[in-house]
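Peer 1: Supplied in structure tokens, the structure appears directly below.
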């Protein structure tokens with residue numbers, strides 16, 4: 001880590017940058033994560049460490065990992081969000097071990113290292129099944145309208161294969177939804193069509209997307225509830 005940048009400075013600067021990238025004010029950020037504008041100002045000023053649970057809330061808001069929030073070069077490489085340099089990772093950990101709060105955060109970072117593709121595959125598989133069932137469409141019918149082979153659809157639903165961005169696009173078109181709706185939450189997937197899609201959204205468009213996603217989520221819950229009652 002650059003000697004001129006302490007871990008606390010990197011953290012506070014990245015909070016500002018991620019907030020501006022999201023296109024929201026301090027007041028809007030405070031409202032969305034149930035903090036006060038003053039607390040957001042204190043976090044962004046870099047005067048002192050905030051509580052670990054608040055950092056987790058911030059990560060959830062920006063849909064990023066802990067590593068991203070503490071990566072000094074996170075905004076210097078296009079579409080690159082994860083620490084890959086071992087020396088940089090070592091310096092980061094060394095800096096964090098100097099304080100008790102840093103040690104606590106380090107434990108959380110080690111548990112939430114990077115993007116978990118396996119977990120996301122399961123979410124995608126389950127949601128694809130629910131979405132298909134909600135419009136009473138078989139795998140064969142989805143294959144016909146999307147141009148994705150039936151075997152690939154089966155592999156995706158079984159969480160045994162990770163589809164390309166083009167396959168996700170075709171599946172979403174076949175289901176007549178935004179392809180980010182194939183996921184439970186608008187997760188930014190590094191180096192994929194999804195990340196580029198989300199980055200191009202402004203705050204208003206993102207708000208509409210989240211609202212649509214909430215409506216879809218309610219529908220899925222109703223389907224699941226009705227299914228459980230019928231079993």
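Numbering (the UniProt record's numbering), first residue to last: 1 to 231. All residues carry an ideal CB built from backbone N, CA and C; glycine is no exception. Note that the coordinates shown come from a computational prediction; the quantities given were computed from them, not determined experimentally.
Specify the secondary structure class of residue 127 as computed by DSSP and reduced to three states.
Peer 2: Three-state result, residue 127: helix.
Peer 1: How is residue 133 classed by DSSP in three states: helix, strand or coil?
Peer 2: Note: residue 133 maps to helix in three-state DSSP.
Peer 1: Skipping 5 residues on each side, what residues in its chain have a beta carbon closer than 6 Å to that of residue 127?
Peer 2: Excluding sequence neighbours, residue 127 sits near 182.
Peer 1: Taking 8 Å as the cut-off, decide whether the C-beta atoms of residue 147 and residue 176 are in contact.
Peer 2: Not a contact, by the Cβ cut-off of 8 Å.
Peer 1: Let me make sure I understand the geometry here. Which of 22, 17, 42 has the alpha-carbon closest to that of residue 71?
Peer 2: Among 22, 17, 42, the Cα nearest to that of residue 71 belongs to 17.
Peer 1: I need the straight-line Cα distance from residue 40 to residue 221, nearest angstrom please.
Peer 2: About 34 Å.
Peer 1: Taking Cβ positions, are residue 12 and residue 43 nearer each other than 8 Å?
Peer 2: Contact: yes.
Peer 1: Under 7 Å Cβ to Cβ from residue 139, same chain only, skipping five residues before and after it: list those, please.
Peer 2: Cβ neighbours of residue 139 beyond the five flanking positions: 150, 153, 154.
Peer 1: Rounded to a whole number of angstroms, what is the C-alpha to C-alpha distance between residue 8 and residue 28?
Peer 2: Between residue 8 and residue 28, the C-alpha separation is close to 23 Å.
Peer 1: Classify residue 166: buried if its beta carbon has 16 or more other beta carbons within 10 angstroms, exposed otherwise.
Peer 2: By the 10 Å Cβ count, residue 166 comes out exposed.
Peer 1: Would residue 135 and residue 157 be called neighbours here (beta carbons separated by less than 8 Å)?
Peer 2: Contact flag unset, no.
Peer 1: For the region 144 to 173, list the alpha helix (DSSP H) runs that are entirely contained and at least 4 residues long, ordered along the chain.
Peer 2: As far as the region 144 to 173 is concerned, its whole alpha helix (DSSP H) runs of at least 4 residues are 150 to 157.
Peer 1: How is residue 176 classed by DSSP in three states: helix, strand or coil?
Peer 2: Reduced to three states, the DSSP call for residue 176 is coil.
Peer 1: Out of 174, 123, 132, 56, which one is the CA nearest neighbour of residue 159?
Peer 2: If we check each option's Cα against that of residue 159, 123 comes out closest.
Peer 1: For residue 65, does the three-state DSSP call read helix, strand or coil?
Peer 2: Correct three-state label for residue 65: coil.
Peer 1: Starting from residue 11, follow the alpha helix (DSSP H) in both directions and report where the run begins and ends.
Peer 2: Start and end: 7 to 22.
Peer 1: For residue 46, collect the residues of the same chain with a Cβ closer than 8 Å to its Cβ; drop the 5 residues on either side in sequence, then sort them by chain order.
Peer 2: Cβ within range, chain order: 8, 9, 11, 12, 13.
Peer 1: Could you compute how far the alpha carbon of residue 225 sits from the alpha carbon of residue 125?
Peer 2: Distance between the alpha carbons of residue 225 and residue 125: 19 Å.
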